[in-house]
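Worksheet: one structure, shown below.
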Amino acid sequence: MALGSGLTQLGGYPFEVRYSEGALVRARVAADVAANAYGYFSRLFSGVEPDIAVIVADQADWKSRQPYGLPFFNDDDGQIRPGIVVMPAGSGDFWIAIGQDIRDASPRGYTRLLATYPDGAGGLDLQPFFDLVTLHELGHAFEVLGDLRLPTFWLGEIFANLALHAFVATRQPESLATLEVLPTVGAQSRRLGARMRAQGYSTLEELEAHYTGGDQPMNALNYVWYQHRWLRLAARMFDADGEAGLVRFWNCFHATDRLSSGKVTAASLAPLLRTEVSETLGRAIQNWR
Numbered sequence: 000m001a002l003g004s005g006l007t008q009l010g011g012y013p014f015e016v017r018y019s020e021g022a023l024v025r026a027r028v029a030a031d032v033a034a035n036a037y038g039y040f041s042r043l044f045s046g047v048e049p050d051i052a053v054i055v056a057d058q059a060d061w062k063s064r065q066p067y068g069l070p071f072f073n074d075d076d077g078q079i080r081p082g083i084v085v086m087p088a089g090s091g092d093f094w095i096a097i098g099q100d101i102r103d104a105s106p107r108g109y110t111r112l113l114a115t116y117p118d119g120a121g122g123l124d125l126q127p128f129f130d131l132v133t134l135h136e137l138g139h140a141f142e143v144l145g146d147l148r149l150p151t152f153w154l155g156e157i158f159a160n161l162a163l164h165a166f167v168a169t170r171q172p173e174s175l176a177t178l179e180v181l182p183t184v185g186a187q188s189r190r191l192g193a194r195m196r197a198q199g200y201s202t203l204e205e206l207e208a209h210y211t212g213g214d215q216p217m218n219a220l221n222y223v224w225y226q227h228r229w230l231r232l233a234a235r236m237f238d239a240d241g242e243a244g245l246v247r248f249w250n251c252f253h254a255t256d257r258l259s260s261g262k263v264t265a266a267s268l269a270p271l272l273r274t275e276v277s278e279t280l281g282r283a284i285q286n287w288r
C-alpha cells in the first residue's frame, strides 16, 4: 500500500494532506507553511503547481530507507500523488543523534542549540527546525515535477535550500534564527568537519557516488553534515543575490539540459554557476573540499 493512502485527509489546501492518528496539529503546521510557500514558489518558478501530497507520518506509518525523522520527497511510481513530501510527526532517535553528534564535537555549540531549540525541560527539541525543512522538500517537488534539469544530485540539494532560505527570509523572517542556528553550529564545528573528512565523505564527488547508491553508502549523519554546509551556502547566496539569484538558478536549468555531454563535475559546473546563477555559488563549488 502506498505511503499515506490509509491516513486521514486534511482538506483546504492546494495539495493533498494526510496525517497519522494523533498528528493533526503537526499536519496543520506543516500544511499551513507549505501552502504559503507553494504560492510563493509558483510565482517565482514559471507558474508551476506540482501535484503533490504532504504526509505527516508517525514512526509506525513511516515507510522509507530514510531514518525516521529525516524528511524526504519521493516521486517514485505508485505514490498517492506524482510527488509526496513526507514529514515526521515527532522526534525520534535520528534527531537525538544529530544533537549528540554536535554535543560531542562542540559542547559550546550544543549550548547554543539548547538556547534556540529548548524542549522546556532542559533538553533539545529540533521540531521547529524540521517544521521548516518541509519547505526544503517542497523545493524538491518544484525541482522534480517542474522539469528543473539539474545535472547532479547535490545541486538539487543546494537549490532546495536556497528556496527554503528565500521563503523564510522574505515571508517568515521571524523564523530565521530557527533555520540558521543548527546548520551554523554544525558547519562551524572544526572537530565535526575533521571527523567527517577522516571517517566519512566530504567532497561533492563522494556525495554523488555514495549517497545516491553504489558501494559503501553514506550514513545519515554524514549527509546531515553536508546539509549544514549547504544551508549556510544558501544563506550567503541569498545575502548576495536575493530572490533574483533563486530565479536565475531556476531559469538556468528549467526545461534545459546543461553540460549534458561527458561527466559533470564540480569543476566543470563552477564556471556556469558563477556566470549564470551566482558568483557566490560558483566560487563555493570551485573551492569545495
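In numbering that gives the first Met the number 0, the protein residues as written are 0 to 288.
For glycine and all other residues, C-beta sits at the position ideal for the given N, C-alpha and C.
Quiz item: Got a sec? Which residues, its chain only, sit under 8 Å from ALA168 by beta carbon, not counting five neighbours each side?
Solution: Cβ neighbours of ALA168 within its own chain (closer than 8 Å, five residues either side excluded): LEU175, PHE237.
Practice problem: Hey, could you find the ends of the beta strand (DSSP E) ILE300 is sitting in? | Solution: There is simply no residue 300 to check, as the chain begins at 0 and stops at 288 in what is shown.
Practice problem: Count the C-beta pairs between the region 52-72 and the region 13-22 that are closer than 8 Å, then say yes if the count reaches three, no if not. | Solution: With the cut-off at 8 Å, the region 52-72 and the region 13-22 touch.
Quiz item: DSSP state of GLN226, grouped into three classes?
Solution: Three-state result, GLN226: helix.
Quiz item: Excluding sequence positions up to five away, which residues of its chain have a Cβ less than 7 Å from the Cβ of PHE71?
Solution: SER63, GLN65, VAL85, GLU136, listed in sequence order.
Quiz item: PRO150 to VAL276, Cα distance in whole Å?
Solution: In this structure, the CA atom of PRO150 is about 14 Å from the CA atom of VAL276.
Practice problem: Can you give me the Cβ contacts of GLU242 inside the same chain, cut-off strictly under 8 Å, excluding the 5 residues immediately before and after it? | Solution: Only residues of its own chain outside the window of five on either side were considered, and among them LEU43, ALA165, THR169 have a CB closer than 8 Å to the CB of GLU242, listed in chain order.
Quiz prompt | Per DSSP, the bridge partner or partners of ASN73 | solution = According to DSSP, ASN73 bridges with ILE83.
Quiz item: So what's LEU147 in DSSP terms, helix, strand or just coil?
Solution: Secondary structure of LEU147 (DSSP, three-state): strand.
Quiz prompt | Cross-strand partners of GLN8 (DSSP beta bridge) | solution = ARG17, per the DSSP bridge assignment.
Quiz item: In chain order, what residues of the same chain have a beta carbon less than 6 Å from the beta carbon of ILE157, not counting five sequence neighbours either side?
Solution: Closer than 6 Å at Cβ, skipping near neighbours: TRP229.
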